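Participant: Under the working numbering, residues 388 to 646 are what the sequence shown spells out, in order.
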Amino acid sequence: MNILFIGDIFAAAGRNMVTEHVGPIVAEHQVELVIANGENSAGGFGITPQIAEDMLSLGIDVLTGGNHSFDKKEIYDYHDREPRLLRPDNYPGGLPGKGVLTGTTKLGTPFAVINLQGRAQMSSIDCPFQAADRILASLDPAIKIRFVDFHAELTSEKVAMGWHLDGRATAMIGTHTHVPTADSRILPGGLAYQTDAGMTGPYDSVIGVEKEAILRRFLTGVPTRMEAARGGAELHGVVITADPKTGQASAIQRIRAIR
Ligand SMILES: [Fe+2]
Ligand SMILES: [Fe+2]
388 MNILFIGDIF AAAGRNMVTE HVGPIVAEHQ VELVIANGEN SAGGFGITPQ IAEDMLSLGI
448 DVLTGGNHSF DKKEIYDYHD REPRLLRPDN YPGGLPGKGV LTGTTKLGTP FAVINLQGRA
508 QMSSIDCPFQ AADRILASLD PAIKIRFVDF HAELTSEKVA MGWHLDGRAT AMIGTHTHVP
568 TADSRILPGG LAYQTDAGMT GPYDSVIGVE KEAILRRFLT GVPTRMEAAR GGAELHGVVI
628 TADPKTGQAS AIQRIRAIR
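1. Looking only at its chain, what residues have a beta carbon closer than 8 Å to the beta carbon of V418, apart from the 5 residues adjacent to it on each side?
2. Can you list, in chain order, the stretches of the beta strand (DSSP E) that have 3 or more residues and sit fully within the stretch 453 to 486?
3. Just mark Q517 as buried or exposed, buried being the case when its beta carbon has 16 or more other beta carbons within 10 Å.
4. Do R555 and R533 have their C-beta atoms closer together than 9 Å?
5. Would the stretch 560 to 567 and the stretch 528 to 545 be scored as touching if the rule is three or more Cβ pairs under 8 Å?
6. For Y465, I'd like the list of residues in its chain whose CB is within less than 6 Å of its CB, leaving aside the five on either flank, ordered along the chain.
7. Quick check: does the Cβ of H563 come within less than 8 Å of any heavy atom belonging to ligand 1?
8. Flag this pair as touching only if the stretch 579 to 596 and the stretch 635 to 642 have three or more C-beta atom pairs under 8 Å; answer yes or no.
9. Given this structure, state the Cα-to-Cα distance separating D458 from D395, to the nearest angstrom.
10. For S456, which option in S444, D441, E426, L450 has the closest C-alpha, if you only look at C-alpha atoms?
11. Measure from the alpha carbon of G453 to the alpha carbon of each residue in D467, G484, H551, then state which is nearest.
12. Tell me which residue opens and which closes the alpha helix (DSSP H) that S444 is part of.
Rendered as structure tokens:
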């Protein structure tokens, strides 16, 4: 089976790329399961119920999140109503939503999607490595297809998580840095790995934000108002080929669509 994962959808530019390209990519690669990170889909900061509905209606089966998951207050209640919207599971207890979804694809393949967040140079939430162990141990062994979106800043933490999961999950793809990495590979235990999928959004920007404001911030050290950029829209992600009987991946291919 083929799984499509789309990196952080950023603002209108990213949403438009999803609208235009998801259908053709799914058809071309005969994709059975579509997962996308939506943490920046509302103007770059968070996600709203309406945007989540729109993205789910375009053929995305599961939306993952990250440090921006709770930026919009209207999303709190929605998390408890819509299990297809995930947020990192290793946030402290008491927050709405979950970081794990189990389900069955249209073709009948059982799957699990897991969303975790790193702690290196990010807020110090619960340990993602121990959370991964706990979640994997809790899954029905019949669920072989196990996809992990690890939302983290440091390449080293992501690489370490890849080795931690190898042999126990189908894929671990990183998100959050918004820059696609060229290290896609299959680890010895059958894990499809890439440090970062890259952003789906405006690349005439500094990781999605208008470059003038960010440059002013770097040049002056003074806080500036951050607005989502519009130009240079690209879609980035990966297509993973995996065996539903074993859960092992056999191929990973980087996907890039340009307007
Ligand atoms: Fe992001
Ligand atoms: Fe992020």
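Virtual Cβ for every residue (Gly too), placed ideally from N, Cα, C.
Predicted model only: the values in this text are computed from it and were never measured.
Facilitator: Quick answer:
1. Within the same chain, N389, I390, L391, I412, V626 come within 8 Å of V418 by CB-CB distance, once the 5 residues on both sides are set aside.
2. If only uninterrupted beta strand (DSSP E) runs of at least 3 residues are considered, none is enclosed by the stretch 453 to 486.
3. With fewer than 16 neighbouring CB atoms inside 10 Å of its own CB, Q517 falls in the exposed class.
4. The Cβ-Cβ distance between R555 and R533 falls below 9 Å.
5. For the pair of segments examined, the stretch 560 to 567 was found to touch the stretch 528 to 545: the number of CB pairs separated by less than 8 Å reaches three.
6. Close CB contacts of Y465 within its chain, under the 6 Å cut and outside five residues either way in sequence, are with P436 (chain order).
7. Yes; taking the cut-off as 8 Å, the Cβ of H563 has a heavy atom of ligand 1 nearer than that.
8. Yes: the two stretches touch, three or more of their Cβ pairs being nearer than 8 Å.
9. Cα-Cα distance, rounded: 15 Å.
10. Closest option to S456, Cα to Cα, is E426.
11. Ranking the options by Cα distance to G453, first place goes to G484.
12. Note, S444: alpha helix (DSSP H), 436 to 444.
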